[in-house]
Structures are given as structure tokens and as C-alpha cells.
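Working notes, structure below.
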Amino acid sequence: MNSNLFSPEWISEVFSDLWSLHLTLIGCFVSVFTLLYSFIIAKKGDLKLFTEQFNRGENSPTLLQRQKFAANYIKRMRRVANFCLLLLSCSILSALGCWVGIRFLDDCTQKIVFAAVALLTSISFALVVYLCHMVLRQYFGDIRI
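So the mapping is simple: the working numbering equals the position in the sequence shown, first residue as 1, plus 196.
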């Protein structure tokens with residue numbers, strides 16, 4: 197095994213790279229969450245309109261179908277938004293760990309924080325893959341004729 201692999205200099209370089217990666221991911225997750233949140237709020241407004249139409253006595257099958265679709269859409273988007281919040285939390289913790297690891301920790305403690313950041317990064321990537329799978333499965337189900 198190469199003795200330079202887990203040297204303090206190597207770990208500092210990896211912390212720097214992970215810091216940049218997680219800052220980028222934080223921006224992406226905030227953007228995606230904000231977009232999903234606006235979709236959910238818009239669909240909740242539609243759902244409120246459907247409920248008002250029901251209260252006025254308009255009970256058409258189309259209205260029932262639109263209400264059911266809106267409720268299901270909100271549930272799916274809320275699930276994806278919750279994953280984005282979880283990913284955002286992992287990225288924030290990882291970025292903070294990288295920042296602290298670069299600036300304040302000694303060699304021994306730096307290795308422990310590096311292991312924690314590496315674990316959080318691995319969990320983040322696994323969650324991103326799962327989220328992509330979930331969204332793509334839903335997409336292909338929605339576009340099927």
C-alpha cells in the first residue's frame with residue numbers, strides 16, 4: 197500500500213475536492229427542492245379549487261379524477277422533496293466536516309472526520325442513485341400509453 201494514500205496532505209486534498217463537490221450538491225439540492233416545493237404549492241391550490249367545486253355540488257367524474265390525480269401528484273412530489281432535504285442535510289454535514297477537517301483538526305482527528313465524510317458522501321451517492329431510479333420508474337410509468 198502506498199504510504200502517501202492516507203497522508204495528511206492527501207486527506208487535505210481530498211477534503212478540498214469533497215468541499216467543492218458538496219457545495220455544488222448543496223446548490224443543486226436547494227434548487228431542486230425549491231422547484232418541487234413550488235409544484236406542490238401549485239397543485240395544492242388546484243386541489244383546493246376542486247374541493248370548492250365539490251362543495252358547490254359539481255360532482256362530475258372528471259372532477260373526481262382530477263382531484264385524485266392532484267392528491268397522488270402531491271404525495272409523489274412530497275416524497276421526492278423529502279429525499280432532497282435528506283440529501284441536502286448529508287451534503288451540508290459533509291461540507292462542514294470538510295471545512296473543519298481542512299482548517300482545525302490534527303492528523304489523527306482528521307482521519308476520523310475523513311471517514312465520517314466519506315461515509316456521508318457514499319450515503320449521498322446511494323440516495324441519489326435510488327432517487328433517480330424512483331423518478332425514472334415513475335416517469336416511464338407516467339408516459340406509458
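Every residue gets a Cβ at the ideal spot worked out from N, C-alpha and C, and that includes glycine.
Along the stretch 214-263, the beta strand (DSSP E) does not occur as any fully enclosed run of 3 or more residues. Nearest neighbour of T220 by Cα position, chosen from A291, L260 and Y269, turns out to be A291. The stretch 281-295 and the stretch 314-330 touch, with no fewer than 3 CB-CB distances between them shorter than 8 Å. Per DSSP, reduced to three states, the secondary structure at D302 is coil, with no helix or strand assignment. Sixteen is the threshold: since fewer than 16 other Cβ atoms of the shown chains lie within 10 Å of the Cβ of A322, the residue is exposed. Contact between P204 and Q334 is absent: CB atoms are separated by about 45 Å, not below the 8 Å threshold.
Counting C-beta atoms within 10 angstroms of its own C-beta, S320 has 16 or more neighbours from the protein chains shown and is therefore classed as buried. Remark: C-beta atoms of I308 and I270 do not approach each other more closely than 8 Å. A distance below 8 Å between beta-carbons, with the five flanking residues on each side excluded, links A277 to the following residues of its chain, in chain order: F229, L232, Y233 and I236. Within the same chain, L284, S287, I288 and A291 come within 8 Å of I222 by CB-CB distance, once the 5 residues on both sides are set aside.
Residues of the same chain with a CB within less than 6 Å of the CB of F211, apart from the 5 flanking positions on each side, are C294, G297 and I298 in chain order. The Cβ-Cβ distance between Q263 and F246 falls below 8 Å.
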